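Once you know that position 243 of the sequence shown is 1254 in our numbering, the rest is easy, because the numbers rise by one and skip nothing.
Cβ atoms here follow ideal geometry from the backbone N, Cα and C, with glycine treated the same way.
All of these numbers come straight from a predicted model, not from anything done at the bench.
Beneath this line is the structure, given in C-alpha cells, with notes to follow.
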Amino acid sequence: MHYFAYKGDDLYAEDVPLEKLARDYGTPLYVYSKRTLLRHIRAYSEAFGGDPSRGDESPMGIVSFALKANSNGAILGLLASEGAGADIVSGGELFRALRAGIPASKIVYAGVGKTADEIVYALKKNILMFNVESDEELEKINRVAGQAGRKAPVALRVNPDVDPLTHPYISTGLKKYKFGVPIEEALEFYMKARKMENIEIIGVHEHIGSQLTRIAPFRDALEKVLALIEKLWASGIKLKYLDLGGGLGIRYRRGESEKPPEPAALAKSLLPLVKGRGLTVIVEPGRSVAGNAGVLLTRCLYRKKTAVKRFVIVDAGMNDLVRPSLYGAYHEIIPVRRNRRAALKVDVVGPICESGDFLATDRRMPAVLAGEFLCVLGAGAYGFSMSSNYNSRPHPAEVMVDGGEVRLIRKRGTYRDLIRGEL
Ligand code: LLP
C-alpha cells in the first residue's frame, strides 16, 4: 500500500503532482512519501512491538530497520521518531543510524566482514548486539573487546538451510551461501563462546533472504531455530533476544500476481511459536518499509527505433537504480502524465555505456515522447542506497513529500562532488 496515485491524468505523491517535482528539482529524482513510510513502520511496530497494556507477557519487540535498504538521514530520523531501531552491516551505517537519533540500544550489527575498527566503534557506542557470522569473527570480537576493556554482547547468526523461494542473489539462508553458521554447528559455537572471557551471549539471529512472498519459509526457519534454543537451554545457555531478520516482500507488479503477506500476518504466524519463552523478538525489515514508499522520476531524452527494438532513452541509468540490471528485477514504469496513446513494446534504457543498462526490457507501455516524465515505482529500497557515480554521473537528488509539502532531503550531486577526496 502506498500513496502514489493518479488524480485525473496526473500522478501524485500524496497531495503533490510529480510533474511539478520533476520540474522543480530536476531528474533523475527520488521521491519518498512520508505517509507511506509511517504506515509501513507502524504496521511493523503494531505487529511485533508488543503492547504491555494488553498484558503481553513478553517485553516489547524491537523493529530494527535495515539501513542497507535506504540510509537517507531524513528517512532514518522519521523512523527513529517512530521508535525504530537499526539493522546495520558496517561502521558507516552505524554512524548514520546514531546520527539520525536511533538509540544504540536498538542497533544490531550483522555482516560477514566486520573489521577490528568497526567492532571497536560499535563497542564504544554500546550497540545492542553483534550478530556474529563465523568462528574467526567471534575470536576477533573477543580479542578486541578485551583490549577495549569491554564485554561484547553477541548473537550467533545461524544459517537454517531453508529455501526462501526468492532470487538466488538475495537468498541468504541456504548452506551454499556465505552467511551465518550452519545450524548443526551452532551448539558447538555457543559452547565455545560461553568460555570466552569478553563475550556475553545474549541472542540468536537468522535471516533467510529478501523479497519473500510466502510465510512458510519464515516458519520453517523459526522452527529450526527454536529447536536450537531448546538445546541451548538444556545446556544452560539462556538467550534474551531472538532476531528473526527481515525479508518480507513487496508488490513490484500491479494487479494480483504478487501478494506478499502483511507484517501482521507474519507476526500472527510466528509469534505464537515464540510466546512464553521469555525472548524479546527483533525484526529487521528494509524493503517492506521503504520499497513502495519511494519512486524514481526520470525524463525521456530520446526515442530510437532499430530493426528489432524500440528504445526509450531516459536520464536515469543503472548507476541510479541498479536492480533491473543486477537482478533482472521488475519495476513498474508509468507515465507521470497519463496519455491515451497506443501501447508499444519498448526497452527503457539509461545513458550508461553498457548494454546491461536498462530499467525495463520488452515492456508494453503507452508511447512516450522526448521531454515527458516517467515514474519508476518501488524504488525506495535498494534504489538510492545502491546507486553509484559510474560514468561520472552525480547522484540524483531526493525529496520527501508530506501531504502537500515537499522537503529536499538530499541535494543533487555536483561535478565537484565527483572529485571530492581525489589527490
Ligand atoms: N537483515 C539482514 C541480516 C539482511 O541481510 C537483510 C537484507 C535485511 C535484514 C533486510 O531485508 P529486507 O527486509 O530488505 O528484505 N539489494 C537486494 C536486496 C539485498 C538484501 C540483503 N539482505 C535487492 O535490491 O533486492
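Look at D1174 here: in three-state DSSP terms it is coil, with no helix or strand label. The segment 1319–1327 and the segment 1165–1172 do not touch, with fewer than 3 CB-CB distances between them shorter than 8 angstroms. Taking the Cβ atoms as the reference, Y1041 lies roughly 6 angstroms from P1407, within the contact range of under 8 angstroms. In this structure, the straight-line span from the alpha carbon of R1431 to that of G1084 is close to 21 angstroms.
The beta-bridge partner set that DSSP reports for F1369 consists of V1360. The continuous alpha helix (DSSP H) containing Y1338 extends over residues R1334 to Y1338. If you draw a straight line from the Cα of I1194 to the Cα of E1269, it is about 31 angstroms long. Where F1106 is concerned, the enclosing alpha helix (DSSP H) starts and stops at G1102 to R1110. Relative to the non-hydrogen atoms of the ligand LLP, the Cβ of P1164 never comes closer than 7 angstroms to any of them. Taking the Cα of T1309 as reference, the smallest distance to any Cα among E1433, E1409, L1237 and R1046 is reached at E1409. In this structure, A1354 and P1377 form a Cβ contact; the two beta carbons are roughly 5 angstroms apart against a cut-off of 8 angstroms.
Take the alpha-carbon of M1411 and the one of F1395: they are about 13 angstroms apart. Considering only L1388, G1367, G1297 and I1363, the residue with the shortest C-alpha distance to P1405 is I1363. The Cβ atoms of I1073 and K1117 sit closer than 8 angstroms to each other. Contact annotation: K1251 and G1287 have beta-carbon atoms that are not nearer than 8 angstroms. Under the criterion of beta carbons closer than 8 angstroms, L1307 and L1332 qualify as touching, at roughly 5 angstroms. Burial state of R1110 is exposed, judged by a 10 Å Cβ sphere holding fewer than 16 other Cβ atoms.
Runs of the beta strand (DSSP E) lying entirely within the segment 1217–1273 and spanning at least 3 residues, in chain order: 1252–1254.
DSSP places V1300 inside the alpha helix (DSSP H), whose first and last residues are R1298 to A1301.
Restricting attention to F1229, L1243, K1203 and G1305, the CA atom closest to the CA of P1274 is found in F1229. Spanning the alpha carbons of D1021 and L1032 requires a straight line of approximately 12 angstroms. Inclusion of S1221 and G1258 in the CB contact set at 8 angstroms is warranted, their separation being smaller than that value. By the Cβ test, the segment 1098–1109 is not in contact with the segment 1150–1161, since fewer than three Cβ pairs between them sit closer than 8 angstroms. Inclusion of R1298 and I1261 in the CB contact set at 8 angstroms is warranted, their separation being smaller than that value.
Checking the DSSP bridge columns, you'll see D1021 partnered with K1018 and R1348.
Within the segment 1123–1198, the complete beta strand (DSSP E) segments at least 3 residues long are 1140–1143 and 1163–1170, listed from N- to C-terminus.
Here R1351 is exposed. Its C-beta has fewer than 16 other C-beta atoms within 10 Å. Residue nearest to R1053 within the set G1096, E1416, A1238 and L1239 is G1096 (criterion: CA-CA distance). Rounded to whole angstroms, the Cβ separation of G1256 and H1218 is 3 angstroms, and the two are in contact under 8 angstroms.
Between the ligand LLP and T1183, a heavy atom-to-CB distance of less than 7 angstroms is present. A distance criterion of 7 angstroms places the beta-carbon of E1129 beyond contact range of the ligand LLP, judged by its closest non-hydrogen atom. When only Cα atoms are considered, E1208 and L1029 end up about 57 angstroms apart.
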